[in-house]
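A.B. asks:
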Amino acid sequence: MTKEKIIKSGNLVQKKPTLMNDNPMHYCPGCSHGVVHKLVAEVIEEMGMEEKTIGISPVGCAVFIYNYLDIDWQEAAHGRAPALASAIKRLWPDRMVFTYQGDGDLACIGTAETIHALNRGENITIIFVNNAIYGMTGGQMAPTTLMGMKTSTSPYGRDASLHGYPLKITEIAAQLEGTAYVTRQAVHTVPAIRKAKKAIRKAFENSMAGKGSNLVEIVSTCSSGWKMTPDQSNKWMEEHMFPYYPLGDMKDKE
């Protein structure tokens, strides 16, 4: 069926979420952020929470989400998004509050805020985009950088004796009493995107139902930082990231 026939017949196949504005996205080709932005926008719209959602954007590539989604935003200092989200949710418990963070922000300078907010059972959702590198600032090693992985600050590869081991934040979160739903997803294929969207929806619903803290990790790519094409990045992620960061639900109180 041609595009014209689809329009005339009224069979809508796909559309841009109404919460996404017309600002051209600046992300590098193959970056996972754009897909995750779309999923977040779709879920908020489908839940009818457009006027009651507050997002927290911190520092790094993740911060620019406020340029693309027309909801209320509060910008946080580096790593402090979960603390700010906790305060907002306590002040306005009827609001749907979430953070949108990269691995450098969440798992390095923000480790304490992340762990303690989750452990307190704050009724928020943390969306954690993990590409195993500091993408915005020059491709430095992050807490989630894999063993042997070369970055601008580990040119010979990550060495446990020098740099320690990659931090599995999601596994840690699953052990905390305050967490209700903890999952790790990806957005590199259509089936994966569908699963990621369901995970985001479940986390948001949990937060509004007062069930506790929710963490949705999205294992993602950084074509520029990894110095690969988008296609190569997806293959590398499947071969190297997924074995260390396996996909799936890790905790679901239901």
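Heads up, the sequence shown is in this note's numbering, so the first residue is 0 and it goes up one at a time. For each residue, glycine too, the CB sits at the ideal point set by N, CA and C. Predicted model only: the values in this text are computed from it and were never measured.
Is the segment 140–158 close to the segment 175–187, with three or more CB pairs under 8 Å?
C.D. replies: They do not touch, by the three-pair rule.
A.B. asks: Could you give the residue range of the beta strand (DSSP E) that holds L11?
C.D. replies: Indexing the sequence shown from 1 puts residue 11 at position 12. Note, L11: premise wrong, no beta strand (DSSP E); not H, not E.
A.B. asks: DSSP three-state call for M249: helix, strand or coil?
C.D. replies: Residue 249 sits at position 250 when you count from the first residue of the sequence shown. In this structure, M249 counts as strand in the three-state DSSP scheme.
A.B. asks: Just curious, the alpha helix (DSSP H) that D230 is in, first and last residue?
C.D. replies: Taking the first residue of the sequence shown as 1, we reach residue 230 at position 231. Counted as a single uninterrupted DSSP element, the alpha helix (DSSP H) harbouring D230 occupies residues 229–235.
A.B. asks: I'd like to know whether the C-beta atoms of T150 and M140 end up nearer to each other than 7 Å.
C.D. replies: Numbered from its first residue, the sequence shown carries residue 150 at position 151. Numbered from its first residue, the sequence shown carries residue 140 at position 141. Result yes, Cβ atoms of T150 and M140 sit closer than 7 Å.
A.B. asks: Can you confirm whether the segment 75–85 touches the segment 110–129 when touching is taken to mean that 3 or more C-beta pairs between the two stretches lie within less than 8 Å?
C.D. replies: yes
A.B. asks: How many Å lie between K250 and T169 at the Cα?
C.D. replies: Taking the sequence shown and counting its residues from 1, the one referred to as residue 250 is at position 251. Taking the sequence shown and counting its residues from 1, the one referred to as residue 169 is at position 170. Looking at the two C-alpha atoms, the distance is approximately 10 Å.
A.B. asks: Compare the beta carbon distance of N213 and S206 with 7 Å and say whether it is the shorter of the two.
C.D. replies: As a position in the sequence shown, residue 213 is number 214, starting the count at 1. As a position in the sequence shown, residue 206 is number 207, starting the count at 1. Against a cut-off of 7 Å, the Cβ pair of S206 and N213 comes out as a contact.
A.B. asks: In the structure shown, what three-state DSSP assignment does V128 receive?
C.D. replies: Locating residue 128 in the sequence shown gives position 129, where the first residue counts as 1. If DSSP states are grouped into helix, strand and coil, V128 belongs with the strands.
A.B. asks: So is M236 buried or exposed if we call it buried at 16+ other beta carbons inside 10 Å?
C.D. replies: On the sequence shown, residue 236 is found 237 positions in, with the first residue counted as 1. Residue burial annotation: M236 is buried, with at least 16 other C-beta atoms found within 10 angstroms of its C-beta.
A.B. asks: Exposed or buried, which one is D158 when buried takes at least 16 other CB atoms within 10 Å?
C.D. replies: One-based indexing of the sequence shown puts residue 158 at position 159. If you draw a 10 Å sphere on the C-beta of D158, you find fewer than 16 other C-beta atoms in it, and that means exposed.
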